[in-house]
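Asker:
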Amino acid sequence: MFVLRAVLVLAAIFMVTRPSGAEHFRLAIASDDDLYIGEILKFALEKQGGGHTMEVVRIAPMAQGRALRMLEARDARFDVLYSGYTEARAGRLAIVAFPLTRGMLGYRLLAVRDDRVGLLKPDITFQQLQSKVCFGAGTDWPDARIMRDAGLCVVTGTDESLWAMLVRGRYDAFPRGLIEVVSEIERERNPVRGVTLTLDPSVMLAYKQDLFFYLPKHAAERAAIIQDGLEKGHADGSYDQFFYSIPTIKAALADIQAHQRTTFHLGDCAACTGLAVISEDHWHRFEDKSAFASHLTGSGPQTNQ
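Numbering (the working numbering), first residue to last: 1331 to 1635.
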């Protein structure tokens, strides 16, 4: 686990006199890859229309559990955090019940060592996936339980150790969200002890999961401000127009359309029953050609249940 370094304010957005009743939000972001999350929060606050402001607070990478505990204890210089969904998190904190990437984070491409690309073939069965492949996940990630509930072999480690564990062959494949994986692979691509990491071209996992905004439990009214803005944008279609114009999202969609991977749907998360209250039209579906049709081109991936 990384020791928290000094917290730096990256940018202040709309630092003007706020109307009476307007709120100021401080969003924690640990990686440049996630700066688009700040743009989502900015969109929500503008759409809500209450004159609210925000700033992005840069923090050092740390385990998700630790960051969430700091938020819960109000022991941090940030008051908004984004993380995956669990019932426990939703119970301890105020959650904005809107999937920030429309569920695209739940579509998981597989980072592998280049000498193990042949382990995963387009015609592999789910039973073979269960018996022949071990997947990596963070110790406190919701993904670990989702994959285990589906009968998959899962090896866990600290966030900062997982890439090194993959290089050493401690497990076979590292499932990463299709929004995250391209930039991550580029950072990890340099050969280490003769091993190069690459993106498997044949298989993708899928399950209902996403990033959500979390605030301290006492801040339910502030969470409702963000929720209201996102729902307004969803209702009038402006969120889709904004979301699908984000370069990170456009690149992810281009990659998924360029490769016809076999997709294994792992089923509903046993520990994520709270997600059922979120309307299905909030979730991106590659397999549903009637949804988001203007944003998808070509034929979608194959699917296996």
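Idealized CB from N, CA, C, for every residue including glycine.
Cutting at 8 Å between CB atoms, please list the residues of its own chain near residue 1495, excluding the five before and the five after it.
Answerer: 1466, 1485, 1487 and 1501
Asker: Bridge partners of residue 1464, per DSSP?
Answerer: 1483
Asker: Residue 1609 by DSSP, collapsed to three states: which one?
Answerer: Correct three-state label for residue 1609: coil.
Asker: Under 8 Å by Cβ, that's how I've got residue 1426 and residue 1407 pegged, so tell me the actual separation to the nearest angstrom.
Answerer: So it is not a contact: roughly 20 Å between Cβ atoms.
Asker: Do the region 1383-1403 and the region 1603-1612 meet, that is, are 3 or more Cβ pairs less than 8 Å apart?
Answerer: no
Asker: Going straight from the alpha carbon of residue 1548 to that of residue 1424, what length do you get?
Answerer: 7 Å
Asker: Going by alpha carbons, who is nearest to residue 1469 out of 1578, 1414 and 1489?
Answerer: 1489
Asker: For residue 1360, I'd like the list of residues in its chain whose CB is within less than 6 Å of its CB, leaving aside the five on either flank, ordered along the chain.
Answerer: 1389 and 1391
Asker: Nearest by alpha-carbon distance to residue 1535: which of 1418, 1394 and 1437 is it?
Answerer: 1437
Asker: For residue 1609, is the classification buried or exposed, using 16 other Cβ atoms within 10 angstroms of its Cβ as the cut-off for buried?
Answerer: exposed
Asker: Residues in its own chain within less than 8 Å of residue 1376 by CB, not counting five upstream and five downstream?
Answerer: 1559
Asker: Which word fits residue 1421, buried or exposed, when buried means at least 16 other C-beta atoms lie within 10 angstroms of its C-beta?
Answerer: exposed
Asker: Using the Cβ count rule (16 or more neighbours within 10 Å means buried), how would you classify residue 1584?
Answerer: exposed
Asker: Alpha carbon to alpha carbon, what distance is there between residue 1440 and residue 1615?
Answerer: Each residue's alpha carbon lies about 19 Å from the other.
Asker: Helix, strand or coil for residue 1593? Go by DSSP, reduced to three states.
Answerer: strand
Asker: With three or more C-beta pairs closer than 8 Å as the rule, is the region 1578-1596 touching the region 1527-1545?
Answerer: yes
Asker: Quick one: what's got a C-beta closer than 8 Å to residue 1492's C-beta in the same chain, skipping five residues either side?
Answerer: 1466, 1467, 1468 and 1504
Asker: Classify residue 1539 as buried or exposed, calling it buried when 16 or more other Cβ atoms lie within 10 Å of its own Cβ.
Answerer: Buried, because 16 or more other Cβ atoms sit within 10 Å of the Cβ of residue 1539.
Asker: Report all residues from its chain with a CB closer than 8 Å to the CB of residue 1453; omit the five preceding and five following residues, and keep chain order.
Answerer: 1592
Asker: Which residues in the same chain as residue 1464 place their Cβ atom closer than 6 Å to its Cβ, once the five residues preceding and following it in sequence are excluded?
Answerer: 1483, 1485, 1501 and 1502
Asker: Can you tell me the Cα-Cα spacing of residue 1543 and residue 1595, whole angstroms?
Answerer: 25 Å
Asker: In angstroms with no decimal places, state the Cα-to-Cα distance between residue 1630 and residue 1459.
Answerer: With a pLDDT of 37 at residue 1630, under the threshold of 50, the modelled position of that residue is not reliable, and the figure given next carries that caveat. For residue 1630 and residue 1459, the distance between alpha carbons rounds to 21 Å.
Asker: By the three-class DSSP mapping on this structure, what secondary structure does residue 1500 have?
Answerer: coil
Asker: Under the assumption that residue 1367 contacts residue 1430 (Cβ atoms under 8 Å), give the Cβ distance between them as a whole number of angstroms.
Answerer: 7 Å
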